[in-house]
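J.: Following this message is one structure expressed as structure tokens.
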Amino acid sequence: MTKALRDKIIESLTSIIPIALIIIILSMTFTPLDTGTFVLFTVGVVLLIVGMGCFTLGADMSMLVIGEKIGSTLTHSRKIWLIALLSFVIGIIVTIAEPDLQILAEQVPAVAERTPLGNYLLIFTVAVGVGIFLLIAMLRIVFRIRLSLLLILFYAAAFILSIFVPKGFWAVSFDAGGVTTGPMTVPFIISLGVGVASIRSDKKGQDDSFGLVALSSVGPIIAVLTLGVIFNIESIEYPVNELVSVTETRGVFFEYLHGFGDYALEVAIAISPILVFFLFFQLGTRSFRKKQILRIIFGFLYTFVGLVMFLTGANVGFMPVGRQIGKILAELWGGWLLIPVGLLIGYFVVAAEPAVHVLNKQVERMSAGAISSSAMKKGLCIGVCLAIGLAMTRILTGINIMWILIPGYAVALVLTFFTPPIFTGIAFDSGGVASGAMVSSFVLPMAIGACNVLAPAAIMTQAFGCVAFVALAPLISIQVLGIRYKRKTSKIKRTFLSVEEKILEYEVD
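Residue 194 is where the sequence shown starts when you use our numbering, and the numbers rise one by one after that.
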């Protein structure tokens, strides 16, 4: 176990160090940071490295194992009503458990102020949306419906629905699709799909093992847009709070102590429904032996500790740095330095997302190594690099978000007809996975800091939306990777057949 944890921490070290070095270089050149903020950031880097290592190990030991077993058991039951019901319930449970959703709900006061439920109205609306679409995604695998057809149908519905929603609500709605599928949701949902597809004997079973996150990401978009129609929201204001100023070591200590307390409670609330669901599942099916149960419990502990450390490091250490860097860059040369810095940060920040590692390994395992995790990582890095560069350009130019989202999704959906089916599922899953905790806690604050200088009245329309861009970019970049993969394998097959024909001709002669 010690060796496994050490390997995971080394892996997370290689992912986080590049983004840390970029921030250090920026702090020594264009964006000098005050001492307190820099110390917060330094401690945050250590917490991110250890936290990601613990989380990925815990997810391997618990979330992935439970998800695959539940998926295969449900499909073995052959009871469509049971598959539908439990998929809906699981979707709601894991979504309410997602820490990033709490952050989004707090940033949409226009909804909270109109109901006694406050932030919980948005949380429950998004959770129901994920539950419904996870149900649809599971039934798609059972009935063998092509993923691309459902994606075209539901994204078309989302864009049509946006016509009836005020412009100020567009960015938040599409951000919801990316934020919801975070570090708690992704490992469980991905493994659930793998488990359902694992008992299928047809050749397309492997292709259909991906796509659950893709459809689950559409649910929040439609759900939040529907909420915008119901409440007839005309305007949304984002209150920009002053950055916490830390001037001494004691201040750093208390900031992190407070953060640990808050996120320990959030993660405990997040994990407990999944743990309870696992216990009821075990009592009902007796699927796991005592040794396996013990390993899963240890996995939950690693997941809890890792996620608390990661979220504390990201939100306490990286969020103020992101705001300050964005603010300073916006004040230099008209803010145009934001674009190259955004491109650079975008290339490396996706590697620091915990759920990305889970997806990459599942893809490599399910494809028997044909689709390597390094190729996946490169495709995601390029896509997110361009996405954040585009997000920073939008802050500077004020481009309407729909001028980018509509053509972007149109290209992504057209590519589904030319890409191998497995790459379609992986690409749309990647969109939800890439837009996780690091994007929410560093890139979004950086955009808010920049927008607060360049266009203070347009934070909700210009700064928000960068999560949506990050969710969109991998849909295109990974499918392009799939087309290249298809051409490469076709070329190899043609070469092999040509050699085989020559051997046969030689034997005949």
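Idealized CB from N, CA, C, for every residue including glycine.
Compare the C-alpha of Asp368 against each of Tyr678, Pro667, Ile671 and Phe662 and name the closest.
T.: For Asp368, the nearest C-alpha among the options comes from Phe662.
J.: Tell whether a beta-carbon distance below 7 Å holds between Leu573 and Ala620.
T.: Taking 7 Å as the Cβ cut-off, Leu573 and Ala620 do not qualify as a contacting pair.
J.: Helix, strand or coil, according to DSSP, for Gly452 in the structure here?
T.: Of the three classes helix, strand and coil, the one that applies to Gly452 here is helix, per DSSP.
J.: Determine the contact status of Pro614 and Gly675, defining contact as a CB-CB distance below 7 Å.
T.: Not a contact, by the Cβ cut-off of 7 Å.
J.: Taking the runs of the alpha helix (DSSP H) that are 4 residues or longer, which of them lie wholly in the segment 566-644?
T.: DSSP runs (the alpha helix (DSSP H)) wholly in the segment 566-644: 566-590, 595-608 and 614-627.
J.: Which whole-angstrom value describes the C-beta separation of Ser480 and Gly388, a residue pair presumed to lie in contact below a C-beta threshold of 8 Å?
T.: About 11 Å; that fails the 8 Å criterion.
J.: Contact between the segment 481-501 and the segment 239-255 is defined here as three or more beta-carbon pairs at a separation below 8 Å; is this criterion met?
T.: Cβ pair count under 8 Å is three or more, so yes.
J.: Using only the heavy atoms of the ligand FMN, determine whether one of them is closer than 6 Å to the beta carbon of Arg558.
T.: This structure lacks the ligand FMN, and indeed carries no ligand of any kind.
J.: How far does the alpha helix (DSSP H) with Ala277 in it reach, from first residue to last?
T.: It spans Ile273 to Ile289 - the alpha helix (DSSP H) in which Ala277 sits, taken as one unbroken run.
J.: Quick check on DSSP: helix, strand or coil for Ile242?
T.: Helix.
J.: Buried or exposed: which applies to Glu448, given that a residue is buried once 16 or more other Cβ atoms fall within 10 Å of its Cβ?
T.: Buried is the call here.
J.: Give me, in chain order, the residues of the same chain whose beta-carbon lies closer than 8 Å to that of Val335; leave out the 5 immediate sequence neighbours on both sides.
T.: Excluding positions up to five away in sequence, the list reads Thr268, Ile273, Ile276 and Val389.
J.: May I ask which residues mark the beginning and end of the alpha helix (DSSP H) holding Gln517?
T.: Its alpha helix (DSSP H) spans residues Met512 to Glu524.
J.: Can you give me the start and stop residues for the alpha helix (DSSP H) that Ala349 sits inside?
T.: That run of the alpha helix (DSSP H) goes Leu340 to Ser355.
J.: Just tell me which of Lys262, Gly539 and Ser410 has its CA closest to the CA of Phe326.
T.: Out of Lys262, Gly539 and Ser410, Ser410 has the C-alpha closest to the C-alpha of Phe326.
J.: Can you tell me whether Val673 is buried or exposed? The criterion is at least 16 other CB atoms within 10 Å of its CB, across all chains shown.
T.: Val673 is buried by the Cβ-count criterion.
J.: So, under 8 Å CB-CB, Ala605 and Ile669 are touching, yes? Tell me the CB distance rounded to an integer number of Å.
T.: The pair is a contact, with the Cβ atoms about 5 Å apart (cut-off 8 Å).
J.: Okay, do the segment 540-551 and the segment 627-641 touch, 3+ Cβ pairs below 8 Å being the bar?
T.: Output reads yes: the segment 627-641 touches the segment 540-551.
J.: Which residue from Leu233, Arg587, Phe234 and Val406 puts its Cα closest to that of Val287?
T.: Checked all of Leu233, Arg587, Phe234 and Val406; the closest Cα to Val287 is Val406.
J.: Under DSSP, the alpha helix (DSSP H) around Asp200 begins and ends at which residues?
T.: Counting along the chain, the alpha helix (DSSP H) containing Asp200 begins and ends at Thr195 to Met221.
J.: Label Ile353 either buried or exposed according to how many other C-beta atoms from any shown protein chain fall within 10 Å of its C-beta, with 16 as the threshold for buried.
T.: Per the 10 Å Cβ criterion, exposed.
J.: In three-state terms, what does DSSP make of Thr224?
T.: In the structure shown, Thr224 sits in coil (DSSP, three-state: anything other than H, G, I, E or B).
J.: Under 7 Å between the Cβ atoms of Ala181 and Val238?
T.: Examination of residue 181 is not possible in this model, given that the chain is present from 194 through 702 alone.
J.: Below 8 Å on the Cβ atoms is my guess for Ala648 versus Gly591; work out the distance and round it to an integer in Å.
T.: The pair is a contact, with the Cβ atoms about 7 Å apart (cut-off 8 Å).
J.: Which two residues bound the contiguous alpha helix (DSSP H) that contains Phe491?
T.: Note, Phe491: alpha helix (DSSP H), Lys483 to Thr505.
J.: Given a threshold of 16 other Cβ atoms within 10 Å of its Cβ, counted over all protein chains shown, does Arg587 qualify as buried or as exposed?
T.: Flag for Arg587 reads buried.
J.: Where Pro638 and Ile414 are concerned, what is the direct C-alpha to C-alpha distance, given to the nearest angstrom?
T.: So the alpha carbons of these two residues sit roughly 21 Å apart.
J.: Going by other Cβ atoms of all chains shown within 10 Å of its Cβ, with 16 needed for buried, is Ala563 buried or exposed?
T.: Exposed.
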